[in-house]
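Numbered per my numbering, the sequence shown spans residues 1 to 228.
Below you'll find the structure, written out as structure tokens, and then a few comments.
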Amino acid sequence: MKTTSQILGSLVLGGATVLAQAPATPVTMNNESHFERLTYLRHMRVFEARIAPGESTGDYLQDHDVMSIAFGDTTLRSRKVGQDWEAPRTRAAWSAEATAYTDAPVTHRVENTGTTPLRMFLVENLRDRGWTMPAALTAPGTTLRQEARSFAVYDIRLDAATPRTNHVHQNPSLIFVVSGVVQVQGGGGESEFQLEQPGRWFPSSGPDQPHTLSVVGDNAHAMCVEAR
1 MKTTSQILGS
11 LVLGGATVLA
21 QAPATPVTMN
31 NESHFERLTY
41 LRHMRVFEAR
51 IAPGESTGDY
61 LQDHDVMSIA
71 FGDTTLRSRK
81 VGQDWEAPRT
91 RAAWSAEATA
101 YTDAPVTHRV
111 ENTGTTPLRM
121 FLVENLRDRG
131 WTMPAALTAP
141 GTTLRQEARS
151 FAVYDIRLDA
161 ATPRTNHVHQ
171 NPSLIFVVSG
181 VVQVQGGGGE
191 SEFQLEQPGR
201 WFPSSGPDQP
211 HTLSVVGDNA
221 HAMCVEAR
């Protein structure tokens, strides 16, 4: 017959075994150290990735569609869990690339194989289905650059001929400067502010947050990513 101490010891050991066998919670961009969450609006989350040359992230899970935008020319490679590294590839500065992870989740890591720090915006669409397909935004100086099932990307170019543009987005969006200086004025009469450096950004929650963009100086180039 087992003593009380023996029974308690068995319970402790059994509990330790269960804990050891419990699957670990997958790491996501939310808790991988190379990613910083910048904003979270409705079904859109935005992260900034920073990876030093020769460094890689840990393994992390991506399970929703992502649009990534490279800040500068970048060379990188990735490796899915249990597989070999893919061949390095180069992303041009301010290139935008959509990846469909919803319904096809991937756990992988990314390595910066270039010689300069890697910086990227990653715009995540948290919809599991039912992506919207509104008509493309029509506004001065604004052109549709590319679109996918869950994103639309716009180029915004302002100069003396087109010094300002008004935007009303149907979905949450991220607007950021590529070159030049852009002044932003909210449609509700909010205070003006300037985006003065490449990569400076602001979010729009949707139709309740119209805004006007104006060039400061000779010309400016901005981009907008809309999470549909």
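Heads up, the beta-carbon is just placed ideally off N, CA and C, and yes, glycines get one too.
No experiment lies behind these values; they were computed from the predicted model shown.
What does residue i pair with, by DSSP beta-bridge criteria?
| i | result |
| --- | --- |
| residue 79 | 109 |
| residue 165 | 213 |
| residue 98 | 67 |
| residue 225 | 153, 174 |
| residue 119 | 50 |
| residue 31 | DSSP, once it has assigned bridges, lists no residue as partnering residue 31. |
| residue 135 | Looking at the DSSP assignment, residue 135 forms no beta bridge with any residue, so it has no partner. |
By Cβ distance below 6 Å, which residues in the same chain neighbour residue i in space, the five residues on each side in sequence not counted?
| i | result |
| --- | --- |
| residue 117 | 52 |
| residue 230 | For residue 230 there is no data in the structure shown, the boundaries of the chain being 1 and 228. |
| residue 157 | 141, 221 |
| residue 94 | 178 |
Straight-line CA distance for residue i to residue j?
| i | j | result |
| --- | --- | --- |
| residue 25 | residue 35 | 17 Å |
| residue 83 | residue 72 | 28 Å |
| residue 184 | residue 178 | 15 Å |
| residue 125 | residue 165 | 26 Å |
| residue 27 | residue 40 | 18 Å |
| residue 127 | residue 227 | 9 Å |
| residue 86 | residue 77 | 6 Å |
| residue 80 | residue 112 | 15 Å |
| residue 44 | residue 57 | 22 Å |
Please work out which residues of its chain come closer than 8 Å, Cβ to Cβ, to residue i, disregarding the five sequence neighbours upstream and downstream, and give them in chain order.
| i | result |
| --- | --- |
| residue 181 | 194, 195, 196, 215, 216, 217, 220 |
| residue 148 | 65, 67, 98, 100 |
| residue 134 | 170, 171, 228 |
Excluding the 5 residues preceding and the 5 following residue i in the sequence, name in chain order all residues of the same chain whose CB lies nearer than 7 Å to its CB.
| i | result |
| --- | --- |
| residue 211 | 167, 184, 185, 186, 187, 204 |
| residue 175 | 201, 202, 204, 222, 224 |
message: Three Cβ pairs or more, each shorter than 8 Å: is that satisfied between the stretch 105-112 and the stretch 190-203?
response: No: the two stretches stay apart, fewer than three of their Cβ pairs being nearer than 8 Å.
message: List, from N- to C-terminal side, the beta strand (DSSP E) runs of 3 residues or more that fit wholly inside the stretch 171-222.
response: Uninterrupted beta strand (DSSP E) stretches at least 3 residues long and entirely within the stretch 171-222 occur at 173-186, 193-195, 201-204, given in chain order.
- prompt: Which whole runs of the beta strand (DSSP E) in the stretch 46-72 are 3 residues long or more, in chain order?
  reply: Those beta strand (DSSP E) runs which fall completely within the stretch 46-72 and span 3+ residues are 60-62, 66-70.
query: Do the stretch 196-211 and the stretch 153-161 touch if we need at least three Cβ pairs shorter than 8 Å?
result: Segments in contact, no.
task: Examine the Cβ distances between the stretch 135-143 and the stretch 62-72 and report whether three or more of them are shorter than 8 Å.
output: Pairwise C-beta distances place the stretch 135-143 out of contact with the stretch 62-72, as fewer than three of them are shorter than 8 Å.
task: Inspect the CB distances between the stretch 216-227 and the stretch 78-92 and report whether three or more fall short of 8 Å.
output: At 8 Å Cβ cutoff, the stretches do not touch.
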